[in-house]
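Engineer:
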Amino acid sequence: MSESVLHWILAARAGDERAFAQLHARYAKMVHALLLARLPPSEAEDQVQEVFLIAWKKLGQLDDPHVFGGWLSTIARNRAVDYHRAHRPTEMLSDQLPDIHAASSTDVADARHVLALVQTLPEAYRETLLMRLVEGMSGPEIAEVTGLEPGSVRINLHRGMKLLREKLGLGDVAATGGA
Amino acid sequence: MSELDYLWDKKGSDPEVAELERLLSPLAHRPLPPSLPPRRLARRTWLVGGAVGVAVVALFLLRAPPKPRLVAWPVSVHGQASKDGHTLTGESQLPLGAWLDTGSSHARLQIADIGAVELEPGTLVRIVASGPARHELQLEHGALTATITAAPRIFAVRTKHLVAIDLGCAFGLRVDAGGAGQLAVTAGAVALSDGKHEVAVQAGSQCGFDERGAGTPYFTDATPGFRAAMEERSPTLSVLIREARLKDAAVLRELAQKLPADQRADLLRRASELEKSEPKLEPKADTKLAPKVKVKTKLSPTVAPATVGAPKVDLAPRTVPTAPNTAPDPLHHDARKSLEQSAP
Chain A
2 MSESVLHWIL
12 AARAGDERAF
22 AQLHARYAKM
32 VHALLLARLP
42 PSEAEDQVQE
52 VFLIAWKKLG
62 QLDDPHVFGG
72 WLSTIARNRA
82 VDYHRAHRPT
92 EMLSDQLPDI
102 HAASSTDVAD
112 ARHVLALVQT
122 LPEAYRETLL
132 MRLVEGMSGP
142 EIAEVTGLEP
152 GSVRINLHRG
162 MKLLREKLGL
172 GDVAATGGA
Chain B
233 MSELDYLWDK
243 KGSDPEVAEL
253 ERLLSPLAHR
263 PLPPSLPPRR
273 LARRTWLVGG
283 AVGVAVVALF
293 LLRAPPKPRL
303 VAWPVSVHGQ
313 ASKDGHTLTG
323 ESQLPLGAWL
333 DTGSSHARLQ
343 IADIGAVELE
353 PGTLVRIVAS
363 GPARHELQLE
373 HGALTATITA
383 APRIFAVRTK
393 HLVAIDLGCA
403 FGLRVDAGGA
413 GQLAVTAGAV
423 ALSDGKHEVA
433 VQAGSQCGFD
443 ERGAGTPYFT
453 DATPGFRAAM
463 EERSPTLSVL
473 IREARLKDAA
483 VLRELAQKLP
493 ADQRADLLRR
503 ASELEKSEPK
513 LEPKADTKLA
523 PKVKVKTKLS
533 PTVAPATVGA
543 PKVDLAPRTV
553 PTAPNTAPDP
563 LHHDARKSLE
573 QSAP
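As you go down the protein sequences, you meet chains A and B in turn. Going by the working numbering, 7 is the number at position 6 of the first sequence; the sequence numbering is gapless. Going by the working numbering, 395 is the number at position 163 of the second sequence; the sequence numbering is gapless.
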C-alpha cells in the first residue's frame, strides 16, 4: 500500500471527507465489480454508494489501515447478501425483480449473457475477472486494491478466463482454428 | 506476446479478451462522488424532509392494497397424492401456497412456461412464488428433478437451510426431514445460497448441504472413495489426497479454503502436483479468425442458450447433451441417478 493511500485512510478515519473522496475514487471500481459478481447491473451501481456510506460510518472501527481493501471488500460482499435477503420473495408474487430479459441491443444482450456466465464462476474467479474485464483494471492494480498476492490474482484471472472461454465455447473455436 | 500477459497487465494482445472488454465495458462503474451524510442536518432540511415523509406515508396508506393474482401450476399425479390433505389424482392444478404430498406416487409439476419438475414419492412441496421474474418452490422433504429453460435466477427451490437457485440447467435435489440434502447438477449450473454465502455447482457435479450451509462441490464421476469422503461431514483428507484426479485439483483447493491452516497444506500440495501434470496451453495465433466475428458469433443470444445449458467447463462431463432443454428425460434420469448414488 502506498504512503498516499495510507495517509488518505488515516485522514478519512479522522473525519476528513476529502481524503475519503480520494479513497472512493481509488476503490469504487473494485467495489462495483464485487457487487456486480452478485447483483444485477442496475442494482450494483446503486449499492456502490451504500457500501461507501457504510464504510464511512464504520471507518473508525478499522484498526489496521493496511487491510482497508479487504475490509471494504467484506462490506461490499455483505451488502450484496443484505440486498438478496431484503429482496427474497415470499408467498406473494414477486414480480418486482428486475427483468433480465430486457435488452435493447444485441451487445447489451451479449453483455448480460456473458455476465450471467461469469456469475456462475467460483467467487475468487468471478470477482477478479469482473475487475479486469468490466472495470478495466490490470492484474497489478487488482492486487494493489484488494490486498491479494499478485500471484493469486494472476492465477484467478488465468483460471477464471479459462473457464469463461470454455463456457462461451471459445476454447473449441480456438482449438479448431489452431489445428 | 502471449494472451496471458495481456490478461495480466494489458501488454501484448488477445483479441478475445479485448472483445470481452469492449462488450462488458458498458457495465463498468460510472464514477460519482460519494454522497456522505452531513454531520448535522439543518432545521430547514428536517422540516422539508418531514413534510415529504408524511406525504409518502399518506400515499402509501391511502393506496388500495395489492391483490395477489391467483396462480396455479398444472400437476400430473401418477397414482394418488394429496393437496392440503385432500386426495389428488390424475391431472389437476396446484395453487400458490398449497402443499402437495406425493405419498407413494410420482408426480410431475409444470412450472409456468419455464420447465417442469418431477417429484419422487415421499415428497412434500409447495409453490411460494410465481411471477415473470421469479418462480420458487419450497421443498420440505423428498426429492425432485427439474429441467428449466428460463434465464438464470428465475427459478429457485427453497429448503430448510438454503435455496437452490437455477442458473439455466437441469438438476436433482434431495432433502431429508432435517433439511440436510444433496444437489446434483446434470446441465448448466445451480447456486446454493444460505443467505450469506453462495456456492455455484456446475454440471457434472454435486454438493451436499445441511444446517451448516453448502459443502464443497465435487464431480459426480469422481472415484467412489473420493465421493464417499466428500459426503462425510468432515472429509477424510488422506482419502481425498489418494483418490484425487487432475480435474479434482480445483475441488481440493476449494475444500482447503474451509480448513484450518495445519490441514490445508497437504491438500494444496496435492492440488499443485496434479496441476503440474496438466498439459500447457499453446498460445493461439491472432490471425485464425477475425476476433469480432469470432466472439460475436459465440456470444449471440441465438446461440447462447445452448452454452448456458451445457457449459464446457472443467466441471462438466464431456457427455452433457448440447441441448438440455429439449431433452428432459435423460437429464431427469441422470439427476435421479446421481442422487440415488449418494443417498444413504
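For glycine and all other residues, C-beta sits at the position ideal for the given N, C-alpha and C. Computed from a prediction, not measured in an experiment: that's the story for all the values here.
Report the start-end ranges of each beta strand (DSSP E) in the region 391-462 of chain B that is 3 residues or longer and not cut off at the edges.
Structural biologist: 395-398, 402-407, 413-419, 421-425, 430-434 and 437-442
Engineer: Would you kindly work out how many angstroms separate the C-alpha atoms of Asp408 of chain B and Ala460 of chain B, rounded to a whole number?
Structural biologist: 18 Å
Engineer: Select from A:Glu46, A:Phe21, A:Ala15 and A:Glu18 the residue whose C-alpha is nearest the C-alpha of Lys30 of chain A.
Structural biologist: Cα-wise, what sits closest to Lys30 of chain A is A:Glu46.
Engineer: Applying the criterion that 16 or more other CB atoms from any shown protein chain within 10 Å of the CB defines a buried residue, is Arg502 of chain B buried or exposed?
Structural biologist: buried
Engineer: Can you name the start and end residues of the beta strand (DSSP E) that Asp333 of chain B belongs to?
Structural biologist: Per DSSP, Asp333 of chain B belongs to the beta strand (DSSP E) from Trp331 to Asp333.
Engineer: Please look up how many angstroms separate the CB atoms of Gly440 of chain B and Phe451 of chain B, rounded, as I've assumed it's under 8 Å.
Structural biologist: Their Cβ separation, rounded to whole angstroms, is 14 Å, which puts Gly440 of chain B and Phe451 of chain B out of contact at 8 Å.
Engineer: Among B:Ser308, B:Phe403 and B:Lys428, which one has its Cα closest to the Cα of Thr183 of chain B?
Structural biologist: Outside the shown range of chain B, which is 233 to 576, sits residue 183 of chain B, and nothing can be said about it.
Engineer: Here's a check: name, in chain order, each residue in its chain whose Cβ is nearer than 8 Å to the Cβ of Ile346 of chain B, leaving out the five neighbours to either side.
Structural biologist: His367, Ile380, Thr381, Ala382, Ile386 and Phe387
Engineer: Give every residue of the same chain whose Cβ lies closer than 7 Å to the Cβ of Ala13 of chain A, excluding the five residues on either side of it in the sequence, and list them in chain order.
Structural biologist: Contacts found: Ala20, Phe21, Leu24 and Leu60.
Engineer: If you reduce the DSSP assignment to three classes, tell me which class Arg358 of chain B lands in.
Structural biologist: strand
Engineer: Are any of the Cβ atoms in chain B nearer than 7 Å to that of Ser95 of chain A?
Structural biologist: Confidence is the limiting factor: at Ser95 of chain A the pLDDT is only 33, short of 50, which leaves the residue's position unreliable and the question unanswerable from this model.
Engineer: Shorter than 7 Å from the beta carbon of Glu136 of chain A to some beta carbon of chain B?
Structural biologist: yes
Engineer: Report the option in A:Glu51, A:Leu116 and A:Arg155 whose CA atom is closest to the CA atom of Thr129 of chain A.
Structural biologist: A:Arg155
Engineer: Shorter than 7 Å from the beta carbon of Pro90 of chain A to some beta carbon of chain B?
Structural biologist: For Pro90 of chain A, the predicted model reports a pLDDT of 45, less than 50, meaning its position is unreliable; a value from the coordinates is still stated below. Yes, Pro90 of chain A counts as interfacial toward chain B.
Engineer: Quick check on the DSSP output: the alpha helix (DSSP H) that includes Ser5 of chain A runs from which residue to which?
Structural biologist: Glu4 to Arg14
Engineer: Looking at chain A, which residues of the region 248-261 of chain B have a Cβ within less than 8 Å of any of its Cβ atoms?
Structural biologist: Glu248, Val249, Leu252, Glu253, Leu255, Leu256, Ser257, Pro258, Leu259, Ala260 and His261
Engineer: One question on the structure: do Lys315 of chain B and Ala339 of chain B come within less than 7 Å of each other, judged by their Cβ atoms?
Structural biologist: no
Engineer: Taking C-beta pairs closer than 8 Å, name the residues in chain B that Ser139 of chain A reaches, listed in chain order.
Structural biologist: The answer, in chain order, is Trp240, Asp241 and Lys242.
Engineer: Can you tell me the Cα-Cα spacing of Ala481 of chain B and Leu164 of chain A, whole angstroms?
Structural biologist: The straight-line gap from Cα to Cα measures roughly 14 Å.
Engineer: Assuming Tyr182 of chain A and Glu145 of chain A are in contact, meaning their beta carbons sit under 8 Å apart, how far apart are those beta carbons, in whole angstroms?
Structural biologist: As shown, chain A starts at 2 and ends at 180. That puts residue 182 of chain A outside it, with no answer to give.
Engineer: Helix, strand or coil: how does DSSP classify Pro42 of chain A here?
Structural biologist: helix
Engineer: Mind checking who Gln325 of chain B pairs with in its DSSP beta bridge?
Structural biologist: B:Pro306
Engineer: First and last residue of the alpha helix (DSSP H) that includes Arg485 of chain B?
Structural biologist: Ala481 to Ala488
Engineer: Using a cut-off of 9 Å between C-beta atoms, extract the partners of Ala416 of chain B located in chain A.
Structural biologist: Ordered by position in chain A, no residue passes the 9 Å Cβ test against Ala416 of chain B, which lies about 16 Å from the chain.
Engineer: Pull up the CB-CB distance for His393 of chain B and Gly374 of chain B, whole angstroms please, since I reckon it's below 8 Å.
Structural biologist: Not quite, the Cβ-Cβ distance comes to about 15 Å (not below 8 Å), so this is no contact.
Engineer: Need the endpoints of the alpha helix (DSSP H) that Gly71 of chain A sits in, please.
Structural biologist: Phe69 to Ala87
Engineer: Are the CB atoms of Thr121 of chain A and Ala344 of chain B within a distance shorter than 7 Å?
Structural biologist: Thr121 of chain A sits away from Ala344 of chain B, with the two beta carbons spaced by 7 Å or more.
Engineer: Using 10 angstroms around the beta-carbon of Glu142 of chain A, count the other beta-carbons present and answer buried if the total reaches 16, otherwise exposed.
Structural biologist: With a threshold of 16 other beta carbon atoms within 10 Å, Glu142 of chain A meets it and is buried.
Engineer: I need the boundaries of the beta strand (DSSP E) containing His25 of chain A, first residue and last residue.
Structural biologist: No beta strand (DSSP E) contains His25 of chain A, which is instead part of the alpha helix (DSSP H) from Glu18 to Leu37.
Engineer: What is the residue span of the alpha helix (DSSP H) that Gln495 of chain B lies within?
Structural biologist: From DSSP, the alpha helix (DSSP H) with Gln495 of chain B extends over Ala493 to Lys508.
Engineer: Could you tell me which chain A residues have their CB closer than 9 Å to the CB of Gly427 of chain B, listed as they occur along the chain?
Structural biologist: Val82, His85, Arg86 and Arg89
Engineer: For Leu131 of chain A, collect the residues of the same chain with a Cβ closer than 7 Å to its Cβ; drop the 5 residues on either side in sequence, then sort them by chain order.
Structural biologist: Ala34, Leu37, Ala38 and Val119
Engineer: Put Glu167 of chain A into one of helix, strand or coil per three-state DSSP.
Structural biologist: helix
Engineer: Can a CB atom of chain B be found closer than 7 Å to the CB of Ala12 of chain A?
Structural biologist: no
Engineer: Is the beta carbon of Lys428 of chain B less than 7 Å from the beta carbon of Val82 of chain A?
Structural biologist: yes
Engineer: Please check the pair Leu487 of chain B and Thr448 of chain B, which I expect to be a contact at CB under 8 Å, by giving their CB distance rounded to whole angstroms.
Structural biologist: The C-beta distance from Leu487 of chain B to Thr448 of chain B rounds to 5 Å, short enough to meet the 8 Å contact threshold.
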